[in-house]
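Undergrad: The opening position of the sequence shown corresponds to residue 1 in the UniProt record's numbering, with each subsequent residue numbered one higher.
Dropping the structure in here first, questions after.
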Amino acid sequence: MTFIVRLGIAAAIVAGQALLIWLLWLFFKWLGKKLKSYGQTRFKPLMFRKYQILNTSQITSAVLLLLRILKYLITIFQLYITIPIVFSLFPLTKNLASVLFGYILTPLKSIGLGILKFIPNLFAIVIIVLITRYILRSLKFFEAQIQNGKLVIKGFYADWAQPTFNILKIFLYAFMAAAIYPLLPGSNSPVFQGISVFVGLIISLGSTSAIGNVIAGIVITYMRPFKAGDLIKLNEITGFVVEKSAIVTRIRTFKNEYVTFPNMMILTSDVVNYTTSSEENENGLIIHVSVTMGYDVPWPKIHEILIAAAEKTAHIEASPKPYVHQTALDDYYARYEINAYTKDVAVLISIYSDLYKNIQTGFNEAKIDMRSPVYQILMPFKG
């Protein structure tokens, strides 16, 4: 084959490839116009729950971008194939053509062999995922049965079902990841192992307090000191629990102030639960108010006024009846404490307010001065 013939064949190959590239670009141009008109009428916004992630125009632009990238990749591939073919026609560049073909065939061969070797591992991964999925479905069924009260386990409360399921789900996913990791292609490579160590180090250094709060949240869940909606007192702050998350707990005070507590702090604090106290005690929660009164006022009269004030207060239970304790005998006055039962802890601050008003009114009507006597002894000055 003469040089002229080889040159002609090379020119024909180049011209044919140029024509193919031109036709390819025309095809992609036509396809882009069709997709643009089709997307404006047929594509729907990408939604996640109630939030719109991408609108129709953005989805159409993304599809057109992928189409352009595909066009350039095919063009580059065509050019890369053409050059070794042309080089193989001439003796001086024949070896270079073999090298260029090797750059293409060697990676394709490695990829093909890797895919063949990965097929058994792929089946193993699918089996692990399916087993994990069906175990989670079974656990979800039992969780729903316990929450609905259809399945009762002695000593296991219904409000433990959801957090227990979440904990087991995390452990199952962790086990699944640990089982799948060695089966992934390249899992034994230094790069893959280095990335794993780096990610683990970042997580361990950056989430120490967060993990501590999560563990504290789990412990609090099984301690059951409160639940969402309960009225509690925590670190001298009283309010309703509005949120219990894995890391923090939020309460709303009677002044509509939202206070956030880390779960680690709650675990080491004293919690008073007014809602549970009123629900679990048959008679309800005992509220109490202390007053001081001089010894010149007979104690039976004071008892009578305090009990009458409690009985007039709204949301105070008629039975058991209010009662009075004398808690101290000081030098100038005695201390009295009125105790009364209520089951309406949601309006606790209003109950206390009404009780204070009724006590004040009762003593005023009885013409008894509520001010405690204070005596001062003046010694004569000796100069």
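C-beta atoms are modelled at their ideal positions from N, C-alpha and C, and glycine is treated no differently.
May I have the straight-line CA-CA distance separating TYR258 from ILE211, to the nearest angstrom?
TA: Their Cα atoms are separated by approximately 24 Å.
Undergrad: Quick check: what's the CA-CA separation for TYR295 versus ILE215?
TA: Looking at the two C-alpha atoms, the distance is approximately 55 Å.
Undergrad: Which runs of the beta strand (DSSP E), 3 residues or longer, sit entirely within the region 309-341?
TA: Whole beta strand (DSSP E) segments, 3+ residues: 323-329.
Undergrad: So what's ASN256 in DSSP terms, helix, strand or just coil?
TA: ASN256 falls in the coil class under three-state DSSP.
Undergrad: Using the C-alpha atoms, what's the distance from ASN263 back to LEU234?
TA: Their Cα atoms are separated by approximately 12 Å.
Undergrad: Along the chain, where does the alpha helix (DSSP H) containing GLY39 start, and where does it finish?
TA: Counting along the chain, the alpha helix (DSSP H) containing GLY39 begins and ends at 3-42.
Undergrad: What is the DSSP secondary structure of TYR274, reduced to helix, strand or coil?
TA: Residue state, collapsed to three classes: helix.
Undergrad: How many Å lie between TRP25 and VAL5 at the Cα?
TA: Each residue's Cα considered, the two are about 30 Å apart.
Undergrad: Among residues of its own chain, excluding the 5 on either side of LEU35, which ones have a beta-carbon nearer than 8 Å to its beta-carbon?
TA: For LEU35, where only same-chain residues beyond five positions count, the Cβ hits under 8 Å are THR60, VAL63, LEU64, LEU67.
Undergrad: What does the alpha-carbon distance come out to for the pair LEU122 and PHE261?
TA: So the two alpha carbons sit approximately 46 Å from each other.
Undergrad: Quick check: the Cα distance between ILE232 and ILE247, rounded to an integer number of angstroms?
TA: For ILE232 and ILE247, the distance between alpha carbons rounds to 18 Å.
Undergrad: Taking C-alpha atoms, which residue in ASP159, ILE125, PRO163 lies nearest to ALA177?
TA: The candidate whose alpha carbon is nearest that of ALA177 is ILE125.
Undergrad: Roughly how far, in whole angstroms, is the beta-carbon of TYR333 from the beta-carbon of THR292, given that I think they are within contact range, below 8 Å?
TA: Yes, TYR333 and THR292 are in contact; Cβ-Cβ is about 5 Å, under 8 Å.
Undergrad: Looking only at its own chain, which residues have a Cβ that is under 7 Å from the Cβ of LEU168, when we skip the five neighbours before and after it?
TA: Here the set comprises LEU139.
Undergrad: So SER290 is in the beta strand (DSSP E); what residue range does that whole segment cover?
TA: It spans 285-294 - the beta strand (DSSP E) in which SER290 sits, taken as one unbroken run.
Undergrad: In whole angstroms, what separates the C-alpha of ALA161 from that of GLY229?
TA: In a straight line, the C-alpha of ALA161 is about 18 Å away from that of GLY229.
Undergrad: What residue does the alpha helix (DSSP H) around THR93 start on, and which one ends it?
TA: Here THR93 belongs to no alpha helix (DSSP H), and DSSP marks it neither H nor E.
Undergrad: Is there contact here, the region 6-26 with the region 70-85, by at least three beta-carbon pairs under 8 Å?
TA: The region 6-26 is in contact with the region 70-85.
Undergrad: With a Cβ-Cβ cutoff of 7 Å, do GLY284 and LYS343 count as a contact?
TA: Yes, Cβ-Cβ distance for GLY284 and LYS343 is below 7 Å.
Undergrad: Mind checking whether ILE338 and VAL271 have CB atoms under 7 Å apart?
TA: No, they are not a contact pair.
Undergrad: Considering only C-alpha positions, which residue in the set THR56, LEU46, GLY114 is nearest to PRO185?
TA: Nearest of THR56, LEU46, GLY114 to PRO185, Cα basis: GLY114.
Undergrad: Can you tell me the Cα-Cα spacing of TYR352 and THR164, whole angstroms?
TA: So the two alpha carbons sit approximately 39 Å from each other.
Undergrad: Give every residue of the same chain whose Cβ lies closer than 8 Å to the Cβ of PRO320, excluding the five residues on either side of it in the sequence, and list them in chain order.
TA: Around PRO320: ASN283, TYR341.
Undergrad: What do you reckon, are the CB atoms on LEU89 and ALA10 nearer than 7 Å?
TA: Their beta carbons are under 7 Å apart, which means LEU89 touches ALA10 by this criterion.
Undergrad: Where THR275 and PRO300 are concerned, what is the direct C-alpha to C-alpha distance, given to the nearest angstrom?
TA: Distance between the alpha carbons of THR275 and PRO300 is about 33 Å.
Undergrad: Considering only their Cβ atoms, is the gap separating ILE85 from ILE13 smaller than 7 Å?
TA: The answer is yes: Cβ separation under 7 Å.
Undergrad: Hey, how far is the Cα of SER278 from the Cα of ILE307?
TA: Cα to Cα, the separation comes out at about 21 Å.
Undergrad: Can you tell me whether GLU143 is buried or exposed? The criterion is at least 16 other CB atoms within 10 Å of its CB, across all chains shown.
TA: By the neighbour-count rule (16 or more Cβ atoms within 10 Å), GLU143 is buried.
Undergrad: By the 10 Å Cβ neighbour count, where 16 or more other Cβ atoms means buried, how is HIS315 classified, buried or exposed?
TA: Buried: at least 16 other Cβ atoms inside 10 Å.
Undergrad: Might you give, ordered along the chain, the residues of its own chain that have their beta carbon closer than 7 Å to the beta carbon of ILE302, omitting 5 neighbours on each side?
TA: Closer than 7 Å at the Cβ level, and outside the excluded window around ILE302, lie MET293, TYR336.
Undergrad: Between the alpha carbons of residue 390 and TYR51, how many angstroms are there, rounded?
TA: With the chain covering 1 to 383 only, the question about residue 390 has no answer from this structure.
Undergrad: Give the C-beta separation of VAL241 and THR249 to the nearest angstrom, bearing in mind that I take them to be a contact with Cβ-Cβ under 8 Å.
TA: About 7 Å; that satisfies the 8 Å criterion.
Undergrad: Quick test of your reading: ILE220 and ILE146, contact by CB under 8 Å. State the CB separation rounded to the nearest angstrom.
TA: Incorrect: roughly 19 Å between the Cβ atoms, too far for contact.
Undergrad: At what residues does the beta strand (DSSP E) containing GLY239 begin and finish?
TA: Start and end: 237-244.
Undergrad: So, at 8 Å on beta carbons, what are the nonlocal neighbours of LEU151 in its own chain, with the 5 sequence-adjacent residues on each side left out?
TA: Only PHE142, GLN145 meet the Cβ criterion.
Undergrad: Looking only at its chain, what residues have a beta carbon closer than 8 Å to the beta carbon of THR243, apart from the 5 residues adjacent to it on each side?
TA: The residue asked about is misnamed: residue 243 is Glu in this sequence, not Thr. Closer than 8 Å at the Cβ level, and outside the excluded window around GLU243, lie ALA228, THR249, ARG250.
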